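Residue numbers (UniProt numbering): 9 to 475. Here is the structure we will look at.
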Ligand code: PMP
């Protein structure tokens, strides 16, 4: 990769020492961190990343579901460099703006469905969801509904890691008893996990049950008290969960009927991962009131998030406010360099028809991953296009999981790493969310290494008496 020189063993160890002693990583598992040390990523090109010693890996997770355009794209680097020299920063508060922010907001309004024509820029997905809650509560209050403050999310949902969005997230593993969560206005309903639906229930009946539960929750809290429903079109970090057929339309309709704002959190599903700029409309046929995006918006080249909201909301919040104003904003909202990266990224995506590429190669990735089902610990292969996962179980017939101490996802991911592939372990799952430039030949490489790694893991488990 451009300008990269592999480090020698002493230099690698020096980085390890600094990292270990001073850098608290996000979501660190201290046990494995102490045992294995860190994998130092140092360079990347296309769909491959290189560690500091120069070992190459196929990046099966696009950095963290975000490097959609692939690594080392000169056009984005140059846009960033040009903007840094021209105007690195100036605050966008009140009535000041900058050229890339205005251009990108207009571009997002053009790409987003229907009447979603207004953009609030943030520093990433968490701050975009956090902003959405404040924006919605402000909107509800401005239209005379001051008590409409409650927010409903889903178990297994992930919306971020600020105090508020950490509370909105519903992954049981992330709700540490040693942390505190906002519970006075944040609520959860069931995960739409089709694989783990009640034994013997049809997908259709499961869908109806989920919709009925959401309706009951809104009515229990009082429709006049519920501000919004937050949903990822496909739940990402909670386990690549594609809700049952009809779920999106029915929950969307219910929210419309009960005057609840529908927020589609497209931080992962947006920007081509499901074959379109936005999945809500083009994959699932719904038009939300608000779309949240981040990650693929700049393909990870710069931190940036956006809360894209409707004309109807804008009309209410932009009317003169006798009590003050919408007091929300970050120093780096609409950061010129991040917005310039976003514009260059979108231009490349359009020029190279990356969404079309995903629609073409996505079904092949799914088909090839499905060939892993002959392995006796592969319980489920699921997802859509470039957002996939494999669920590993002790017994596919009963869907029973391995005991926690087996750490099945991590074991498989470790074998993959040894063999030159990065997949992400989450509990029993291995997540696959590669850069969208992945070719068919690279799909074969990915699935081949994953198969070898699952086989190697089964061998280990047999030796240890777990199988
Ligand atoms: N929403 C979803 C659906 C996400 O997957 C994530 C991050 N993985 C976030 C929000 C939070 O985004 P960030 O980490 O950029 O704050």
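The beta-carbon is built from N, C-alpha and C at its ideal position, and this holds for glycine as well. All figures in this text were calculated on a predicted structure; none of them were measured in a lab.
* Under 7 Å Cβ to Cβ from residue 289, same chain only, skipping five residues before and after it: list those, please. => 121, 295
* Asked: Are residue 280 and residue 304 touching if we call contact CB-CB under 8 Å?
  -> yes
* To do: Closer than 8 Å by C-beta to residue 233: which residues in its own chain qualify, once you throw out the five before and the five after it? Chain order, please.
  => 155, 156, 157, 158
* Mind checking residue 13: buried by the 16 CB within 10 Å criterion, or exposed? -> exposed
* Residue closest to residue 298, alpha-carbon to alpha-carbon, out of 267, 135, 272, 417 -> 272
* To do: Look up residue 37 in the DSSP assignment and say whether it is helix, strand or coil.
  => coil
* Assuming residue 131 contacts residue 311 (C-beta within less than 8 Å), just tell me the rounded distance between them. => That pair is a contact at about 5 Å.
* Complete runs of the alpha helix (DSSP H) confined to the segment 268-316 [at least 4 residues] -> 287-290
* For residue 132, is the beta carbon positioned less than 7 Å from some heavy atom of the ligand PMP? -> Under cutoff, so the answer is yes.
* Asked: Straight-line CA distance for residue 250 to residue 198?
  -> Whole-angstrom Cα-Cα distance: 14 Å.
* Rounded distance between the beta-carbons of residue 437 and residue 399, thought under 8 Å -> 5 Å
* Can you find a C-beta in chain C that's less than 8 Å from the C-beta of residue 106? -> In summary, chain C is missing from the structure at hand, where a single protein chain is found.
* Asked: Going by the C-beta, is residue 2 closer than 7 Å to any heavy atom of the ligand PMP?
  -> Here the chain comprises residues numbered 9 to 475, so residue 2 is not present and cannot be evaluated.
* CB of residue 408 to nearest heavy atom of the ligand PMP: below 7 Å? -> no
* Which of the three DSSP states, helix, strand or coil, is assigned to residue 74? -> Looking at residue 74 - three-state DSSP - the assignment turns out to be coil, as it is neither helix nor strand.
* Asked: With which residues is residue 67 paired in a DSSP beta bridge?
  -> In DSSP, residue 67 forms a bridge with 430.
* Out of curiosity, what's the CA-to-CA distance linking residue 226 and residue 376? -> Near 41 Å, if we compare the C-alpha coordinates of residue 376 and residue 226.
* To do: Please classify residue 189: does DSSP put it in a helix, a strand, or coil?
  => coil
* Asked: Is it right to say residue 28 is buried, meaning 16 or more other beta carbons lie within 10 angstroms of its own, or is it exposed?
  -> Classified as exposed, residue 28 has fewer than 16 neighbouring CB atoms from the shown chains inside 10 Å of its CB.
* Taking only heavy atoms of the ligand PMP into account, decide whether any of them is closer than 7 Å to the Cβ of residue 28. => The answer is no for residue 28.
* For the ligand PMP, is there a heavy atom less than 7 Å away from the beta-carbon of residue 275? -> Because some heavy atom of the ligand PMP lies under 7 Å away, the Cβ of residue 275 counts as near it: yes.
* Asked: Any chance the CB of residue 137 is under 7 Å from a heavy atom of the ligand PMP?
  -> yes
* Contact under 8 Å by Cβ, residue 128 with residue 143 -> yes
* **Among 393, 417, 388, 355, the one whose alpha carbon lies nearest that of residue 406** => 388
* Asked: Can you tell me where the alpha helix (DSSP H) with residue 464 in it begins and where it stops?
  -> 448-471
* Inter-residue spacing [alpha-carbon to alpha-carbon] between residue 228 and residue 50 -> Taking the straight line joining both Cα atoms gives about 52 Å.
* To do: Sort 440, 470, 81 by Cα distance to residue 357 and report the nearest one.
  => 81
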